[in-house]
Amino acid sequence: MEKVKDVLDWLKQFANKTSKKTKMIIGIVVGAVIVFAVVLAAILNNSPYQVMFADVSEGEASEIISILKSSGTDFQYKNGDFLVKEDVLDQTMAELVYQGYPTSGFTYNVFTENASLMTTDSDKRTYKLYELQDRIGATIRLFDGVKDAKVTIALGEQEKYALTDEDKSKAGASATVIMKNGGSPTKEQASAIQRLIARSVEGLDFENVSVFDGNGIEVSADSTENAAGIASDGAELARLLEDQVTLNVMNVLTPFYGAGNVRISVKAAINMDQVVTESIAYSTPEKTGEEDKSGIVSNESGSRDGSGGSTTDGGAAGTDSNTDVPGYTTGGGSTGSGVNSETYTKEYLVNQIRQQGTVSPGVLENLTISVAINGEDFKSLDEGELRALVGNAAGIAASDYEEKIALASAPFFEEEKAAQEILPVSKLERQYILMISGVALIIIIAAVLLGLKKKKKKSRKAPMAENPSAAPPPKKREQNEEVINLQNEHGMELKKSIRNFSEQNPEISAQLLKNWLNEGDRYE
């Protein structure tokens, strides 16, 4: 504490002795150093970022964020737009596109940026198109095994008039990909290239993008068998359905809980198998009663044997007996011993309806929803009412509410967590600035002291040079040198103390400097 007190006293004395002009110079230099430190920190901490994906849906954005975090890629996410550093833009985009992202939004924002006022609309579209083709080609060349890639985009004709019956041409694109081994891109690569181009151009559909290899052979994904285009991808179709269900449920719950107080997660399972079905329906004959459970007989055959004394069927040979079953009756009717046998076969005409059908890919097999509410309870709605609202909005049967809808209510802590993360960063930057200011203050004080010392030495030497007889005697000169040495040693100790104090207490040093500047303003 004594050293600190000594330093403070010395600083006060120095401030009182220092002229107004010197204080202004010190203040300007210190201010310049602080501004330079702030600008330098801002430049180092803010590397240039470029838009990678724009207008990405909320559900897909969470998946992309998890992938980027797992790979350690530095990125920014703002209102559906993903920004990454310029030096890793193409590589990161190629990796995500190869994995099937994005399925919503646009890959580049070239169609939403504004050109200069001196450029016509036609020139804007042409320049943007050229730039876009080059950037997409550069991204495709980052795919594994790709030697070169050329992309050509044909924009569709815009609708200029409201009342017209003419068919407007749609946007289309093609990509020629030359592989290093002279072969063709894989099916996954072709699909990724089509998705990359389709998501980069506004109004361009997936099925209108063609991919060719270096030999001129088309290798477009699903070019011959997928009539539904982009809907053939099960994962993509599931994400589209999940986004739509999330939007429906959010529209229902937002009026009750307000924006930002509801979190919804939807998981859909899509069956992409094409199924061929055949069914046969049999109709019951009219003479078969409702109590007859024996079923419908297609054909029946059997035999009856008899032996010993018996009375056989009588009547003329070839005539029908008194039965409902047609058959050939045997002759005779006498009583006696012997063996007789009879065989019969019956066939029925059975009515039937045969149907065949094909179930196209894209059938919803399962849909589950999880809803989290910000609060201790569900407020004005009870659990049953809330579950019914969610189920109806999602199209889930009432019998499956309990199984497929999960509800939870608890306070959200996202804002508090974000504040805790931001606070240490700003505090650290402030400490750096204060440390730099303290070092600059020490340098300035040392420079001022040295300047004053040199000025005093020159002022002492000047009278002696003009009047050598006025020089002090040797003994007194030695005493003066000893006093000067003691003063220099004391000054060095003070400098050292000031340096240590400034390094250990940068905030106090900055506050003292501020007070000096304020005092100079008051004296003015």
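Numbering (this note's numbering), first residue to last: 1348 to 1871.
Beta carbons are placed, not taken as given, at the ideal position from N, Cα and C, and that holds for glycine.
In the structure shown, Y1396 adopts extended strand secondary structure according to DSSP, grouped into three states.
Here V1710 is exposed, its C-beta having fewer than 16 other C-beta atoms within 10 Å.
When C-alpha distances from I1544 are compared across A1585, A1485, T1601, the shortest belongs to A1485.
Its Cα nearest to that of Y1445, the residue K1534 stands out among D1468, K1370, K1534, K1425.
Considering only I1540, E1689, T1624, D1353, the residue with the shortest C-alpha distance to Q1702 is T1624. In this structure, N1721 sits away from N1595, with a CB-CB distance that is not shorter than 9 Å. Classified as exposed, I1375 has fewer than 16 neighbouring CB atoms from the shown chains inside 10 Å of its CB. With fewer than 16 other Cβ atoms from the protein chains shown falling within 10 Å of its own Cβ, E1750 counts as exposed. Taking the Cα of A1585 as reference, the smallest distance to any Cα among K1370, G1406, Y1396, S1746 is reached at G1406. V1386 and G1378 have their C-alpha atoms some 12 Å from each other. For the set L1551, A1616, D1724, the Cα lying nearest the Cα of P1758 is the one of D1724.
Per DSSP, Q1541 is one residue of the alpha helix (DSSP H) stretching across 1534 to 1547. The stretch 1727 to 1734 and the stretch 1609 to 1621 do not touch, with fewer than three beta-carbon pairs separated by less than 8 Å. For I1373 against I1791, the beta-carbon gap comes to about 5 Å, under 8 Å, which counts as contact. Setting aside the 5 residues that flank it on each side, Q1536 is surrounded in the same chain by F1490, each with a C-beta closer than 6 Å to its C-beta; the list follows chain order.
Note on V1382: under 16 other CB atoms within 10 angstroms of its CB, so exposed under the neighbour-count rule. Between D1552 and G1530, the C-beta gap is not smaller than 9 Å, which leaves the two residues out of contact. Between the alpha carbons of G1581 and S1612 lies a distance of about 18 Å. Counting the other CB atoms within 10 Å of its CB gives G1738 a total of 16 or more, which places it among the buried residues. Annotated three-state conformation of E1694 is strand, per DSSP. DSSP places K1614 within a strand segment (E or B) once states are collapsed to three. Using a Cβ-Cβ distance cut-off of 8 Å, the stretch 1493 to 1502 and the stretch 1470 to 1484 are in contact, since at least three pairs of beta carbons, one from each stretch, lie closer than that value.
Burial state of N1555 is buried, judged by a 10 Å Cβ sphere holding 16 or more other Cβ atoms. I1720 has V1609, S1756 as its beta-bridge partners, per DSSP. For D1468, the enclosing alpha helix (DSSP H) has its first and last residue at 1468 to 1487. An exposed status is given to Y1477, since fewer than 16 other beta-carbon atoms sit within 10 Å of its beta-carbon. In this structure, the straight-line span from the alpha carbon of P1853 to that of I1783 is close to 8 Å. The Cβ atoms of A1615 and E1589 lie closer than 9 Å to each other.
F1422 is the residue among I1414, S1417, F1422 whose C-alpha sits nearest the C-alpha of V1398. Taking all protein chains shown into account, L1799 has fewer than 16 neighbouring C-beta atoms within 10 Å of its C-beta and is therefore exposed. Distance from I1412 to Y1424 at the Cβ level is roughly 6 Å; contact confirmed, criterion being Cβ atoms closer than 8 Å. E1689 is bridged by DSSP to R1651. L1358 and L1859 do touch by the CB rule: their CB atoms are close to 6 Å apart, below 8 Å. By the C-beta density criterion, Y1604 is buried, having at least 16 other C-beta atoms within 10 angstroms. Only residues of its own chain outside the window of five on either side were considered, and among them T1690, Y1691, T1692, K1693 have a CB closer than 8 Å to the CB of S1648, listed in chain order. Taking 9 Å as the cut-off, the Cβ atoms of A1520 and S1557 count as close.
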